[in-house]
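Undergrad:
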Ligand SMILES: Cc1cc2nc3c(=O)[nH]c(=O)nc-3n(C[C@H](O)[C@H](O)[C@H](O)COP(=O)(O)O)c2cc1C
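Numbering (our numbering), first residue to last: 752 to 961.
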């Protein structure tokens, strides 16, 4: 298998892994994940990103309380009341929601969190564009190393409180919390709709054909 094929296989199986073991993750692996993050594209190569690695149980517990509230008071009931995501069945979607609820109740148990931040800029599409490539690189790197991870933003329902609990200084904003650990389950293929549903050809709404 060529390296190129390896990358596509990694992308095909980088699912959100929400059930994580509490076993510690070697710092050398976290370093590899962080290095992958800092290889990403970013505006002008200014590298205004900062990555807060959180392992302190007290900080995780304080922040996780806001995440849990965000799930149980808003997102969870809303998703459960609605239809399944495109390209998936109600059963499969229900299993995803169960996993998401598990994460909400066990968020603090993930041995490591990486919190990607940007300093000194109002959160906009432009600032987001300089941090989410690093986030995706880290998700792929974690997968490649056999670590489970999930991009989460649910804590932003209580953004101020959660960022204060993480000790972020004034003017620094977090863009996600990525809980990382060894997964309880197996990596499997992601589930997405067909390209023809989401790719247009010259004109909006005209399905792309190759
Ligand atoms: C912007 C963004 C925010 C997300 N926030 C959460 C979150 O707070 N909690 C969670 O469990 N999953 C979160 N996810 C993960 C998505 O639910 C997940 O990527 C999607 O259901 C597809 O599943 P898969 O990643 O397993 O293929 C988030 C994903 C993105 C891109």
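In this text, a Cβ means the ideal position worked out from N, Cα and C, and glycines have one as well.
Treat the numbers as computed from the prediction; the structure is a model and nothing was measured.
With 16 as the cutoff for other CB atoms within 10 Å, does residue 787 come out buried or exposed?
TA: buried
Undergrad: Return yes when the C-beta of residue 935 is under 7 Å from any heavy atom of ligand 1, and no when it is not.
TA: Outside the cutoff, so no.
Undergrad: Pull up the distance between the alpha-carbon of residue 752 and that of residue 895, whole angstroms please.
TA: Model confidence at residue 752 stands at a pLDDT of 48, short of 50, so the residue's coordinates are unreliable; what they give is reported in the following sentence. Cα to Cα, residue 752 sits roughly 15 Å from residue 895.
Undergrad: Do the segment 846-866 and the segment 816-827 meet, that is, are 3 or more Cβ pairs less than 8 Å apart?
TA: yes
Undergrad: Leaving aside the five residues before and after residue 765 along the sequence, list all residues of the same chain whose C-beta is less than 6 Å from its C-beta, in chain order.
TA: Cβ within range, chain order: 890, 891 and 894.
Undergrad: Since residue 814 and residue 931 should fall inside the 8 Å C-beta cutoff, what is the C-beta to C-beta distance between them, to a whole number of angstroms?
TA: About 15 Å separates the beta carbon of residue 814 from that of residue 931, a gap too long to meet the 8 Å contact definition.
Undergrad: For residue 844, which residues from the same chain have a beta carbon less than 7 Å from its beta carbon, with the 5 sequence-adjacent residues on both sides left out?
TA: 835 and 836
Undergrad: Mind checking whether residue 817 and residue 912 have CB atoms under 8 Å apart?
TA: Yes. Within cutoff.
Undergrad: With distances taken from CA atoms, which of 880, 831, 759 and 941 is nearest residue 901?
TA: Of the residues 880, 831, 759 and 941, the one whose Cα lies closest to the Cα of residue 901 is 941.
Undergrad: Taking 7 Å as the cut-off, does the CB of residue 941 come closer than this to any heavy atom belonging to ligand 1?
TA: At a cut-off of 7 Å, the beta-carbon of residue 941 counts as near ligand 1: some heavy atom of the ligand is closer than that.
Undergrad: Does at least one heavy atom of ligand 1 sit under 7 Å from the Cβ of residue 847?
TA: Yes, the Cβ of residue 847 comes within 7 Å of a heavy atom of ligand 1.
Undergrad: Could you spell out where the alpha helix (DSSP H) holding residue 844 opens and where it closes?
TA: From DSSP, the alpha helix (DSSP H) with residue 844 extends over 841-857.
Undergrad: Select from 784, 916, 793 and 883 the residue whose C-alpha is nearest the C-alpha of residue 903.
TA: 883
Undergrad: Scan the segment 874-953 and note each continuous beta strand (DSSP E) run of 3 residues or more that stays entirely inside, going in chain order.
TA: 923-925 and 929-932
Undergrad: Look at residue 870 and residue 791 and say whether their C-beta atoms are less than 8 Å apart.
TA: For the 8 Å CB-CB criterion, residue 870 and residue 791 do not form a contact.
Undergrad: Between the Cα of residue 804 and those of 797, 864 and 850, spot the shortest distance and give me the residue it belongs to.
TA: 864
Undergrad: What residue from 908, 859, 850 and 887 has the CA that sits closest to residue 770's CA?
TA: 850
Undergrad: Let me check you understand the geometry: is the CB of residue 763 closer than 7 Å to at least one non-hydrogen atom of ligand 1?
TA: The answer is no for residue 763.
Undergrad: Less than 7 Å separating the Cβ of residue 767 from some heavy atom of ligand 1?
TA: yes
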